[in-house]
Structures are given as C-alpha cells and as structure tokens.
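The structure under discussion appears below in the form of structure tokens.
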Amino acid sequence: MTSLIDIDGDDASKYRLIGDRVLSYRFAVPHDERLYLGDVLKITDGVKGLTFFAKVSDLVHDCNFSDPKWDTRPHTEHFYGIGEDVFILVEATPLGYVGGDGVFRKPRTIPAKFSRVERPESRDFGFLQQVMGDIEVGVMKNGQGVFRDVRVALHAPVMRQHMGVFATTGMGKSNFMKVFCASCMRARRFGLLIVDPHGEYVAGGRSSSGEATRGLLHYQAGRDGLAVFSTRGDDFIRKYHLNRLYLDHDDFSAPDLLLLYEHSPPQREVVEMLADRPGSDLIEFFQTTDFATFDAGTYRGPHPGIARDLKNFSPSTLSVVQRRIAGMMNRNQRFFRKQGSSIPDILKDLHENRVVLIDIPGMSEQSELFVLSIITRRIMRSHQGEDLDGEREPKQVLITIEEAQRVLGSGPGSTRTFREAAMEGRKFGVGLCVVTQQPKNIDARVLAQINTFVVMGLSDRGDREIIASSAKQDLSRMDTEIQTLEAGEAVISTLKIPFPVSTRIHLYEDYIEELNRRPAARAIDEGLEKTF
C-alpha cells in the first residue's frame with residue numbers, strides 16, 4: 072500500500088486531509104505524486120474509527136509561498152526551488168464510509184482533520200462486492216488502472232425501472248451491449264429483447280475501427296439463454312439453428328404508421344380513429360376499396376364498421392393512408408404475411424428469461440421501427456393482462472431501443488407505444504433499455520423514469536448536463552471524468568450500488584472466452600460450425 076504522507080519530512084500532518092466540508096474533501100500530496108482523475112482514495116480516520124472513500128475530481132498545482140507570481144518570475148528555481156512547499160492540491164468527492172460493523176454508509180459526517188490518505192487495495196472494497204448484482208459488465212476502474220478483483224454487476228430486479236446507455240460513436244456502446252447480453256444469457260433472470268438491423272450480434276461483424284468481432288452465438292455455454300429470430304436466407308438459418316421471423320396482418324395496428332411516416336392532422340386522425348380495429352381487417356379494407364368512388368353510405372364490402380368510421384374524411388386523405396399501408400407491406404414483405412406470426416414464440420422465450428435477438432440485416436430503419444413497435448405493443452398488452460389477473464408477479468422483460476431519440480424525443484406524440492412503456496411499463500414488469508448518442512434529445516420525462524445510467528464518453532456538454540440532472544445519484548462532480556473517459560470505459564449509476572462506479576467494460580471476446588471456460592459449459596461445437 073502506498074501512503075501519501077510525506078515520509079521524508081518531519082511534519083507528520085502534511086499530506087493528510089485538510090478539507091473542511093462534508094461534501095468535498097481536499098488534501099495535499101507531493102508535487103511528483105502520480106494521481107489521476109477518477110482515482111479512488113481511502114481516508115483512515117483513527118479518531119472515529121471510520122474508513123472513508125473519495126474519488127479524485129480535480130488536481131491543482133499549489134504552494135505555500137505568499138508571492139502570487141512566484142512561479143512566473145525570472146530565476147524562480149534559484150529563489151524557490153521545488154520542495155515541500157510546492158505540492159498538488161487534490162479535490163475529491165466523498166463516496167461514503169465504512170464503520171466497525173463493515174456496513175457502507177453515505178457521507179453524512181466528515182473525517183477528522185489530518186486523517187491519513189492512502190491508495191486502497193481490492194480487499195478494501197469487500198463491502199462493494201456484497202452489494203453487486205448478477206448481471207456482470209466489467210471491473211471497477213481506478214484512475215488509469217482497475218481493481219480486477221472488484222467486479223461490477225447490475226441487479227436484475229432494477230431493470231424493470233429502465234436503463235440508459237449513453238455514448239458517442241466509437242466509445243464501445245456495441246461492445247457493452249454484447250457483454251450485457253452475454254451476462255443476461257448466463258444469469259437467465261429476465262427476458263431481453265434486442266432488434267439488430269446491422270446483423271452484428273448473431274455471428275459477429277466489424278467494429279467501428281474495422282476489426283472483426285464475435286457474436287452471441289460464440290458464447291456456447293450460454294446458448295440455452297438465446298433465441299434468434301431472423302430474416303436471413305435458409306442456408307444461414309439452418310447452419311446456426313435459428314428461427315425464421317414472421318409477423319402477420321393481425322400483428323399490425325394503424326398507429327404503427329405514425330412511426331414510419333410524417334402525418335398531417337387529418338391523416339393522424341384517421342390513424343387514431345382506426346387504432347382498435349384488427350390489422351387484417353384494415354389491410355383488407357384498404358386493399359379492396361377505391362377511394363375515388365368511396366361512399367360510406369353505399370359501401371357494401373365486408374367491413375362496414377370501418378367504412379362508417381371514415382365517412383367524414385376526404386378521399387385524398389384516405390388515399391394517402393392507403394398508399395402508406397401498401398408501402399409498409401411492400402417494404403416488409405420478407406417477413407410480413409397474412410397469417411402465421413412468430414410473436415407467440417417470441418413472448419414464450421422472453422418469459423423463459425432468454426435474450427431474444429431479432430436479426431433483420433439489411434432492412435431499413437422504418438422496418439426496424441415497425442418490428443420493434445409491434446413486439447413492444449404485444450409485450451405490453453400481454454403483461455397488462457397478467458397484471459389484471461392479479462394471481463402472480465408478471466414476468467420481467469427489458470426492451471432495447473437503439474437510437475432511442477427517434478421514438479422517445481420531445482416532439483409530437485407519434486410514439487405512443489414506447490411512451491406508454493416508458494411511463495407505465497415498470498408497473499407491469501416491462502423496462503426499456505434506452506440507447507442513444509444524444510441524451511439531450513430524449514424527452515426529459517422519459518429520462519426521469521430511468522434508474523440505471525451507463526454513461527460512456529460524451530463530448531457534448533449539453534448531453535452531460537442533462538444526464539447529470541436526470542441521474543438519481545450525483546454525477547455533476549464527475550463531469551470532467553466523463554468527458555475524458557476512453558473507449559470501453561463507463562460511469563455506472565444504478566440502484567442498489569451505493570455510489571456511481573467507474574467501470575472498465577469487459578472486452579466481449581475476452582469475456583465470453585472466460586465464461587466458456589467456466590464449469591458446465593456445453594460442447595464447444597454445439598450450435599456452431601467448426602469453422603468459427
């Protein structure tokens with residue numbers, strides 16, 4: 072253990088705690104001491120018998136000279152030199168303290184003056200290991216290094232209260248999500264839904280730097296915890312024993328169109344009017360009706376109720392809706408059909424606590440949102456029905472929304488399904504994993520519902536400020552650290568872990584190699600071609 076007291080001086084009070092505030096610590100260390108933003112330090116209070124922990128939030132050169140310009144005058148070194156009177160003043164944010172009972176508490180008291188400051192070891196964080204969850208994502212980061220024995224793991228029951236993953240491009244967001252998926256596959260504590268329009272989660276792909284990456288199928292020991300529904304070719308599906316994705320006409324609901332197109336007020340009114348009509352009826356009605364001659368009073372087709380609903384709308388408005396339904400069907404014809412849906416199987420796998428991957432490579436953004444909207448709505452309706460039964464606790468499901476600002480922004484309410492999940496989902500066991508590069512573009516009311524924040528590198532001050540104002544734990548003092556995070560590093564603020572933990576996220580490829588070596592792993596070639 073390295074002590075930060077001045078071992079060469081006679082004054083034992085130097086380089087110990089000199090701060091005077093309960094929410095901010097200050098202490099001086101030698102001018103050549105190597106400390107970094109984010110370093111966690113241990114403060115031993117021998118007077119009270121308490122051990123405090125604090126995180127370095129700022130480093131400033133300081134001295135004991137009365138001359139305010141001593142370091143800029145000619146021949147400074149000749150007159151002053153660098154000695155005990157020149158030091159680094161450290162500002163640190165209190166994390167909390169541990170008493171004789173070994174229980175960690177929030178920093179509601181202050182260490183005694185001149186308490187000893189030291190670098191902690193992994194064993195000093197035994198209290199933290201006791202409060203970690205079962206969804207492992209990395210190890211505790213300490214300045215430039217890590218405590219490899221201090222694993223950072225989220226709590227499964229907290230996931231229904233929503234999670235946010237915030238990072239700019241290239242900071243390791245995809246790697247984090249794959250590590251998170253692998254841990255969910257291993258723990259099997261809740262269902263996780265993720266839609267992948269890029270095809271990188273199944274068998275791997277390329278990172279933002281162009282390096283080859285591995286997929287969830289490479290985690291052979293956790294294969295029972297994964298279900299994949301794909302739109303790829305038959306050869307690929309047979310090769311990896313995947314399920315084919317299908318949605319049918321009755322999965323469709325008129326408000327799904329609001330995600331796909333901009334609507335005028337009359338067009339939006341048509342969509343809202345038809346919200347409760349079965350999708351198969353709507354599609355048949357709009358496929359078989361000529362709106363150039365449409366008259367609700369003389370309509371003799373199989374859907375008179377729909378015709379009556381639309382009697383007051385102009386033919387041009389109805390023709391636009393008709394074209395949009397036709398476009399939606401044409402765009403999604405690879406997996407959208409009249410009868411036969413994968414959703415019952417998807418719900419079954421989610422409720423058996425699997426990671427359900429919807430693999431739709433090459434599909435458009437509209438198709439991605441179309442699929443995600445339909446499945447999210449069906450999950451919500453299923454869980455609301457369970458809640459009404461009142462017989463048992465509803466199953467827990469976490470729905471991942473990539474580029475979430477598209478559907479959870481602060482604009483007009485065109486995303487009712489996702490907003491409903493954000494505002495009411497936790498009551499029914501449905502959580503959202505909101506993934507975005509632009510947290511300031513997420514509706515503040517949605518951010519206020521999130522209780523787990525995974526904050527990776529964010530260069531934009533506005534993004535960092537909105538995160539700091541929304542997190543349940545105080546992140547404001549960590550602004551500089553967040554700004555300087557490197558790829559693969561994160562600050563994680565979540566319930567049941569007593570303070571925001573700086574984390575080095577596992578590299579996915581290394582992590583699954585470790586998991587595959589653990590006992591009870593399945594045969595290495597099960598479910599995969601041996602060419603991997």
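Residues 72 to 603 (my numbering) are what the sequence shown spells out, left to right.
Quick reminder that beta carbons are idealized off the backbone N, C-alpha and C, glycines included.
A straight line joining the alpha-carbon of Pro191 with that of Gln437 spans about 51 Å. About 6 Å separates the CB atoms of Lys126 and Ala163; that is less than 8 Å, so the two are in contact. DSSP, read as helix, strand or coil, puts Glu192 in coil.
When DSSP reads this structure, Thr164 sits in a beta bridge with Lys126. In this model, Ile431 and Phe406 are separated by some 10 Å (Cα to Cα).
Secondary structure at Asn587: helix, using DSSP grouped into helix, strand and coil.
Listed in chain order, the non-local C-beta contacts of Glu439 below 7 Å within the same chain comprise Val266, Pro268 and Ile431, local neighbours out to five positions each way being set aside. Restricted to the region 333-369, the alpha helix (DSSP H) segments that are unbroken, complete and at least 4 residues in length are 336-344 and 350-359, listed in chain order.
Bounds of the beta strand (DSSP E) holding Ser301 are Leu297 to Ser301. Taking 7 Å as the cut-off, the beta carbon of Leu264 is found no closer than this to the beta carbon of Cys255.
Bounds of the beta strand (DSSP E) holding Gly209 are Ile206 to Asn213. Cβ contact annotation for Arg402 (same chain, cutoff 7 Å, sequence separation greater than five): Ser435, Gln437 and Ser438, in chain order.
When rounded, the separation of the alpha-carbon atoms in Gln338 and Met400 is 18 Å.
In the same chain as Asn424, and ignoring 5 residues on each side of it, the C-beta atoms closer than 7 Å to its own belong to Arg259, Arg260, Phe261 and Gly262, in chain order. In this model, Thr122 and Phe175 are separated by some 9 Å (Cα to Cα). For the region 237-268, the full-length alpha helix (DSSP H) segments reaching 4 residues or more read 244-258 along the chain.
In the displayed model, His132 falls within a strand according to three-state DSSP. Here Val229 has Asn522, Thr523, Thr565, Leu566 and Lys567 as same chain residues with Cβ atoms under 7 Å from its own Cβ, once five neighbours each way along the sequence are excluded. Burial of Val157 is indicated by the presence of at least 16 other C-beta atoms within 10 angstroms of its C-beta.
Only exposed fits Val131, as fewer than 16 other CB atoms lie within 10 angstroms of its CB. From the listed residues Ala227, Arg194, Ser541 and Arg97, the smallest Cα separation to Gly204 is found for Ala227. Beta-bridge pairing by DSSP links Asn314 to Phe300. Under the three-pair Cβ rule at 8 Å, the region 325-343 counts as touching the region 384-399. According to the DSSP assignment, Asp220 belongs to the beta strand (DSSP E) that extends over Gly216 to Leu225.
The three-state secondary structure of Ile181, taken from DSSP, is coil.
Out of Gly216, Ile206 and Thr239, the CA that lies nearest to the CA of Ala224 is found in Ile206. For the pair Phe98 and Val161, the CB atoms are nearer than the 7 Å cut-off. Cβ-Cβ distances below 7 Å link Asp142 to nothing in the same chain once the five nearest sequence neighbours on each side are left out. Cα atoms of Gln410 and Arg449: separation of roughly 16 Å, rounded to the nearest angstrom. Nearest neighbour of Leu94 by Cα position, chosen from Ile114, Arg179, Asn135 and Pro101, turns out to be Arg179. Contact between the region 472-483 and the region 504-512 is established, with three or more Cβ pairs separated by less than 8 Å. If you draw a 10 Å sphere on the C-beta of Asp347, you find fewer than 16 other C-beta atoms in it, and that means exposed.
A residue is called buried once 16 or more other Cβ atoms fall within 10 Å of its Cβ, and Lys466 is buried on that count.
Relative to Tyr311, the option among Ser301, Ala542, Arg257 and Glu536 whose CA is nearest is Ser301.
Rounded to whole angstroms, the Cβ separation of Arg187 and Arg87 is 6 Å, and the two are in contact under 8 Å. In this structure, Met211 and Thr574 form a Cβ contact; the two beta carbons are roughly 6 Å apart against a cut-off of 8 Å.
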